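Step one of this worksheet: look at the structure below.
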Amino acid sequence: MYPAPFEYHRPGSVEDAIALLTTYEDDAKLLAGGHSLIPLLKLRFAQPKHLIDVRHIASLSGVREVDGAIVIGATTTHATLERSPLLRQMLPILPEAASQIGDAQVRNMGTIGGSLAHADPSADLPAVMLAVGAEMTAVGPRGARTIRAEEFFVDLLTTALASDEVLTEIRILVPAVGTGGAYEKYPHPASRYALVGVAAVVTLAGDAMQRAQIAVTGIGSTPSRAREVERALAGRPADAETIAAASSHVADGIEVRGDLTGPAEWRGAVAREHAARAITRAVQRARGEWATGARSA
Amino acid sequence: MTRISLTVNGITHEHDVEPRMLLVHYLRDTLGLTGTHVGCDTSQCGACTVVLDGERSVKACTMFAVQAAGAEVLTIEGLAHDGTLHPLQAAFREEHALQCGFCTPGMIMAAYGLLRANPHPSEAEIRAGLEGNLCRCTGYHNIVKAVQRAAQEMEAPSTDQAGREGRVFTPVSVAPVAAD
Ligand SMILES: Cc1cc2nc3c(=O)[nH]c(=O)nc-3n(C[C@H](O)[C@H](O)[C@H](O)COP(=O)(O)OP(=O)(O)OC[C@H]3O[C@@H](n4cnc5c(N)ncnc54)[C@H](O)[C@@H]3O)c2cc1C
Ligand code: FES
Ligand code: FES
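So the protein sequences, as listed, match chains C and G.
Mapping the first sequence onto our numbering, position 200 (from 1) lands on 667, and the numbers just tick up by one.
Mapping the second sequence onto our numbering, position 178 (from 1) lands on 181, and the numbers just tick up by one.
Shown next, in the form of structure tokens:
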């Protein structure tokens, strides 16, 4: 299967990439790892006339700590997230989720920025971004702006990014002491995408859950925060009863998809179970039982 | 057409290619390196796996040749050295890790990438590491054994000029492969 013909561009900087986007407007598409875009091009679901490859822009890649935040460049691959010592210590939920994406070859090419910008309803990292409260930096001809994860994922394959903007980096505050996070996934048996994925980040104050951010992917048209679960956890004791009761709300307000792999009721049930598992492990990590570092989510 | 230059199995090539040409077709049709197979053409089966820049296994059906410009590509044809099979190739032979052989080049290149990232993988890590490669014949068991065996052989301290470790195994003659 061959895509429709296109011209290939390899800009050396974000500015050059934006200039190309401005020149070619709707005829252009950014290309990162290509592991969502190339399959679409082969099927001719998309036929851009210009592909702008951002994978070689050095400033867009890497994980670093800056002023109490972890900053991840948009073209950082899933494989790099998986192995990053900084993330493993500070934010183990992210390597945990990244290591479950597709397979080794997919993780070697696929990038966090591509995954977020593509906004597949069954992708893993969007749920993690919502749970950790990430902020995305988008740079376009009008300058840079920050988009909070909650505003970033708008709908099926739709984000708040404008067509002439480049997602440059993702910023996540280093979690407070007593915070733990975990990602639980039920992969599609063939594609490995999430039939259900739940990301949970919990901050404990003594035995109580002071704060909980829970996000779910795979079941609706877009990943979303599970507000009802969060409300049912906040301020309550971090015990199995509370977690089970709260998890029953994970699909509240979501029109759960049913398809060949299973009806909507089944997906909802899997989501509830995975929410309980994710929250339970997040609490364990917050208590230090799972932590690999002092401050870990 | 876009002019690209890249290194494949240590040899630098320069060609004008259509940007939409997949890396796997460049290797097979332009360079005549047909060891890299096309199984599914939909990023699922791993038959097209090659190694990029010495360590990253990638699916050459999900990458354009232009994206590989400036990179070093290693294919199955680049593994044997002076008529001697690479430890992975030898181990696949010894352990009966192939039947029809269609998945084998991709399987070996994926295993190569796996061992670069993790020279001492457990059985579970080998199975997880080869998740992106489908085999319809062997049932995977002997493939896992072959990778374990190769990992042990490659542990041996000797290093050849190409920097490839541990060639302590019975040498096997193979016909030299013409590149370009
Ligand atoms: C076999 C297979 C299995 C997979 N399994 C999973 C899985 O289990 N879980 C999962 O989450 N994902 C999975 N994926 C998808 C994979 O994670 C992709 O790599 C990812 O979704 C897209 O990242 P990319 O870098 O490849 O982006 P590309 O495909 O290059 O781009 C995707 C989209 O994002 C845009 N884009 C890319 N970078 C930027 C940027 N910096 N700024 C603005 N827009 C940008 C592009 O224009 C394009 O529209 C799988 C893919 C394959 C092929
Ligand atoms: S041919 Fe590339 S993954 Fe199947
Ligand atoms: S040996 Fe036949 S597909 Fe693997």
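Cβ atoms here follow ideal geometry from the backbone N, Cα and C, with glycine treated the same way.
Since the structure is predicted, the reported quantities are computational estimates derived from the model, not experimental observations.
N- and C-terminal bounds of the alpha helix (DSSP H) containing Val737 of chain C: 731–753 is the span of the alpha helix (DSSP H), which, as asked, contains Val737 of chain C.
Please list the partners that Ser60 of chain G has in chain C, where partner means a Cβ-to-Cβ separation under 8 Å. Around Ser60 of chain G, the beta-carbon contacts reaching into chain C at under 8 Å are Ala571, Gln572, Asn575.
Do His655 of chain C and Leu624 of chain C have their beta-carbon atoms positioned less than 8 Å apart in this structure? No, they are not a contact pair.
Which residue marks the beginning of the alpha helix (DSSP H) containing Phe620 of chain C, and which one marks its end? It is not in any alpha helix (DSSP H) - Phe620 of chain C instead sits in the beta strand (DSSP E) that spans 620–622.
If you pair each beta-carbon of the region 132–147 of chain G with each one of the region 568–582 of chain C, do three or more pairs fall below 8 Å? With contact defined as three or more Cβ pairs closer than 8 Å, the region 132–147 of chain G and the region 568–582 of chain C are in contact.
Between the beta-carbon of Leu25 of chain G and the beta-carbon of Ala71 of chain G, is there less than 8 Å? Going by C-beta atoms, Leu25 of chain G is not nearer than 8 Å to Ala71 of chain G.
Check this for me: beta carbons of Ser60 of chain G and His502 of chain C, under 8 Å apart or not? Taking 8 Å as the Cβ cut-off, Ser60 of chain G and His502 of chain C do not qualify as a contacting pair.
Looking at the structure shown, is His655 of chain C part of a helix, part of a strand, or coil, going by DSSP? DSSP places His655 of chain C outside both helix and strand once states are collapsed to three, so it counts as coil.
Beta-carbon gap between Val669 of chain C and Ala738 of chain C smaller than 8 Å: Taking a C-beta distance under 8 Å as the contact criterion, Val669 of chain C and Ala738 of chain C do not qualify as a contact pair.
Quick check on the DSSP output: the beta strand (DSSP E) that includes Glu17 of chain G runs from which residue to which? For Glu17 of chain G, the enclosing beta strand (DSSP E) stretches over residues 14–20.
Suppose the cutoff is 8 Å on Cβ atoms and the five residues either side in sequence are ignored; what does the same chain contact list for Thr489 of chain C look like? Counting only Cβ-Cβ distances below 8 Å, and skipping sequence neighbours, we find Pro608, Asp631.
CB of Ala594 of chain C within 8 Å of CB of Ser582 of chain C, strictly: Their beta carbons are not under 8 Å apart, which means Ala594 of chain C does not touch Ser582 of chain C by this criterion.
So, is the C-beta of Gly580 of chain C closer than 8 Å to a C-beta in chain G? Chain G, which has no Cβ nearer than 8 Å to the Cβ of Gly580 of chain C, makes this no.
Taking only beta-carbon atoms, is Gly501 of chain C less than 8 Å away from chain G? Closer than 8 Å: yes.
Taking Thr52 of chain G as the query, report the chain C residues whose CB atoms sit under 7 Å from its CB, ordered along the chain. Result: Gln572.
Start and end residues, alpha helix (DSSP H) containing Arg574 of chain C: From DSSP, the alpha helix (DSSP H) with Arg574 of chain C extends over 571–576.
Taking Val641 of chain C as the reference, which of C:Phe619, C:Ile560, C:Pro506, C:Phe473 has the closest Cα? Comparing Cα positions, the closest option is C:Ile560.
If we ignore side chains and look at the alpha-carbon of each, how far apart do Glu532 of chain C and Leu553 of chain C end up? Cα-Cα distance, rounded: 8 Å.
Exposed or buried, what is Leu91 of chain G when buried is set at 16 or more other beta-carbons lying within 10 Å of its beta-carbon? It counts as buried.
Within the present structure, is the beta-carbon of Leu628 of chain C separated from the nearest heavy atom of ligand 1 by less than 7 Å? Yes - ligand 1 has a heavy atom lying nearer than 7 Å to the Cβ of Leu628 of chain C.
With a cut-off of 8 Å, does the C-beta of Gly49 of chain G fall near any C-beta of chain C? So yes, Gly49 of chain G belongs to the interface.
Alpha carbon to alpha carbon, how far is Glu158 of chain G from Glu636 of chain C? Glu636 of chain C has its alpha-carbon roughly 39 Å from the corresponding atom of Glu158 of chain G.
Three-state secondary structure (DSSP) at Ser630 of chain C? Three-state DSSP puts Ser630 of chain C in coil, outside helix and strand.
Alpha carbon to alpha carbon, what distance is there between Asp19 of chain G and Arg555 of chain C? The C-alpha of Asp19 of chain G is placed about 43 Å away from the C-alpha of Arg555 of chain C.
With a threshold of 8 Å between beta-carbons, can Thr45 of chain G be considered close to chain C, or not? Thr45 of chain G belongs to the set of residues whose beta carbon lies under 8 Å from a beta carbon in chain C.
Which residues share a DSSP beta bridge with Gln67 of chain G? The identity of residue 67 of chain G in the sequence shown is Phe, whereas the question assumes Gln. DSSP output for Phe67 of chain G lists G:Leu25 as bridge partner(s).
From C:Ile537, C:His476, C:Phe512, C:Ala616, pick the residue whose C-alpha is nearest to that of Ala495 of chain C; which is it? For Ala495 of chain C, the nearest C-alpha among the options comes from C:His476.
Phe512 of chain C versus chain G: which residues are under 8 Å apart at the beta carbon? For a Cβ distance threshold of 8 Å, nothing in chain G lies close to Phe512 of chain C: the least Cβ distance comes to about 13 Å.
From the DSSP output, in three-state form, read off Arg170 of chain G for me. Note that Arg170 of chain G has pLDDT 40, beneath the 50 cutoff, so the model's placement of it is unreliable and the number below is only indicative. Reduced to three states, the DSSP call for Arg170 of chain G is coil.
Between which residues of its own chain and Ser566 of chain C is the CB-CB distance below 6 Å, once the five residues before and five after are set aside? Around Ser566 of chain C: Glu549.
Do you know how far the Cα of Cys140 of chain G is from the Cα of Gln102 of chain G? Looking at the two C-alpha atoms, the distance is approximately 6 Å.
Going along chain C in order, which residues have a C-beta closer than 9 Å to the C-beta of Gly142 of chain G? Chain-ordered listing is empty here: chain C has no CB closer than 9 Å to the CB of Gly142 of chain G, the nearest sitting near 17 Å.
Contact check, Ala713 of chain C vs Val696 of chain C, beta carbons under 8 Å: It is a contact, given that the beta carbons lie within the stated cut-off.
C-alpha gap between Ser125 of chain G and Pro472 of chain C, whole angstroms: Near 44 Å, if we compare the C-alpha coordinates of Pro472 of chain C and Ser125 of chain G.
Among the residues of its own chain, which have a CB less than 6 Å from the CB of Gln514 of chain C, if the five just before and after it don't count? Once the five neighbours on either side are set aside, the close Cβ partners of Gln514 of chain C are Ala471.
Could you say if the region 477–484 of chain C and the region 514–529 of chain C meet the contact criterion of at least three C-beta pairs nearer than 8 Å? Segment contact: the region 477–484 of chain C against the region 514–529 of chain C, three or more CB-CB distances shorter than 8 Å; contact assigned.
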